[in-house]
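Chemist: Using the numbering used here, read the sequence shown as starting at 7 and increasing by one per residue.
Note that CB positions come from ideal geometry on N, CA and C, so glycine has one too.
These numbers come from a predicted model, not from an experiment.
Supplied in structure tokens, the structure appears directly below.
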Amino acid sequence: MLLNEINGYYKKVNNYDYSSIINILNMINNDYKEGLINSLIEEVDKIDNELIKNNMLAKINQINVG
């Protein structure tokens, strides 16, 4: 799945840099977007650092699902 590839790449390059993934999701406009967002939330929920986790969840909530 595209999200897993993107997510794995960014985890390797910059431990919890989900910002670029979120930017990509903002550009996607199709039926799979909600599923991709939910997958990203599942990954972010695994983050041990609460500050980083909450920051990423707040950014995810700003994604336009429309």
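1) Return helix, strand or coil for residue 47, following the three-state DSSP convention.
2) Taking 8 angstroms as the cut-off, decide whether the C-beta atoms of residue 69 and residue 32 are in contact.
3) For residue 55, name the three-state secondary structure that DSSP assigns.
4) Considering only residues of the same chain and omitting the five flanking positions on each side of residue 34, which have a CB-CB separation below 8 angstroms?
5) Anyone know if the C-beta pair for residue 27 and residue 46 falls short of 8 angstroms?
Modeler: To lay it out plainly:
1) As a first step, residue 47 is located in the sequence shown; it is residue number 41 there, counting from the start. Reduced to three states, the DSSP call for residue 47 is helix.
2) For the purposes of this step, residue 69 is identified with residue 63 of the sequence shown, where counting begins at 1. For the purposes of this step, residue 32 is identified with residue 26 of the sequence shown, where counting begins at 1. Cβ atoms of residue 69 and residue 32: closer than 8 angstroms.
3) Along the sequence shown, one-based indexing puts residue 55 at 49. If DSSP states are grouped into helix, strand and coil, residue 55 belongs with coil.
4) For the purposes of this step, residue 34 is taken as the residue at position 28 of the sequence shown. Here the set comprises 42.
5) To locate residue 27, count along the sequence shown from 1; it is residue 21. To locate residue 46, count along the sequence shown from 1; it is residue 40. Yes, Cβ-Cβ distance for residue 27 and residue 46 is below 8 angstroms.
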